[in-house]
Amino acid sequence: MAYITTDAFLNSPSNQVAREYLFNNADFISLNVMPDNLMKETGNTEAPSHLLIVQKHQTKQSLSAEEKQLLNTVEQQNEFGNYSLNQYIVLHPEIILGNQIKPGQDQYGKAHQTVWQTGDINLIAPALNKTISEGFDKRFNAENFKQVNKQIEKAKSKQLTYTDMPENKPDNSSVQLGLFDTGSSNAI
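Each position in the sequence shown, counted from 1, maps to that position plus 1 in my numbering.
See the structure below:
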């Protein structure tokens with residue numbers, strides 16, 4: 002599963018319970034910090050976002066070291082004030098995509114780390130491809146994938162059945178067409 006989320010999902014201490022739920026039910030594959038201007042051309046919006054890829058894992062017993070890092074946040078500070086940044090991002094700055102990383106404010110005026118891509122946004126593609134490919138090579142579990150596919154195939158075997166449409170019977174009741182008019186409902 003791939004999610005483009007606001008940076009608040011991973012960076013906000015108040016979302017730790019949601020992160021715990023996700024990583025207790027899925028394995029981490031890869032993460033990229035996307036440029037704040039990722040959707041500027043297509044959606045006219047500037048917002049910090051992350052591309053997070055996970056693999057469903059229903060029988061998961063424990064968290065990896067990386068998943069434990071993804072649960073935690075680290076307090077940071079810049080000239081605009083204090084802000085939280087996910088511990089995994091702090092330890093892996095290579096996942097930040099963009100050619101300008103500087104102190105800034107988010108769309109709500111709160112301090113954060115601004116990530117910007119000047120010029121063609123498509124220039125982030127090679128670094129994005131590298132991170133995703135390395136994540137799949139290192140963390141993707143083919144057995145879990147096969148297990149989920151078997152569950153999907155089982156679910157597909159149950160099909161809805163349709164019955165024949167009932168026969169239309171003529172309706173000979175009268176209806177009011179206007180204030181003083183009446184007529185057959187077949188004439189409508």
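Built from N, CA and C at the ideal position, the CB exists for glycine as well. The structure presented is a predicted model; accordingly, all values stated were derived computationally and were not measured.
Residue span of the beta strand (DSSP E) that contains Y84, given as start and end: G82 to N87
Please specify which runs of the beta strand (DSSP E), each continuous and at least 3 residues long, are wholly inside the region 26 to 66, giving them in chain order. 27 to 35 and 50 to 57
Q77 versus N142 - alpha carbon distance: 34 angstroms
C-beta atoms of V116 and I96 nearer than 8 angstroms: no
Bridge partners for E207 per DSSP, in chain order? With the chain covering 2 to 189 only, the question about residue 207 has no answer from this structure.
In the DSSP assignment, what are the bridge partners of H113? G105
For a test of the three-state rule: what should DSSP assign to Y22, helix, strand or coil? helix
Just curious, the beta strand (DSSP E) that I133 is in, first and last residue? Unbroken run through I133 is the alpha helix (DSSP H), A126 to R140; no beta strand (DSSP E).
Measure from the C-beta of Q78 to each C-beta in chain D and report whether the shortest distance is under 8 angstroms. In summary, chain D is missing from the structure at hand, where a single protein chain is found.
What are the start and end residues of the alpha helix (DSSP H) that includes N12? A9 to N12
Residues near E21 in its chain [Cβ-Cβ closer than 8 angstroms; skip 5 each side]: L72
Below 6 angstroms CB to CB, which residues in the same chain sit around A3 once its five sequence neighbours on both sides are set aside? I54
Note down, in chain order, each residue of its chain lying with its Cβ closer than 6 angstroms to the Cβ of I102, except the 5 sequence neighbours on either side. V116
Less than 8 angstroms between the C-beta atoms of Q59 and Q70, yes or no? no
Label E68 either buried or exposed according to how many other C-beta atoms from any shown protein chain fall within 10 Å of its C-beta, with 16 as the threshold for buried. buried
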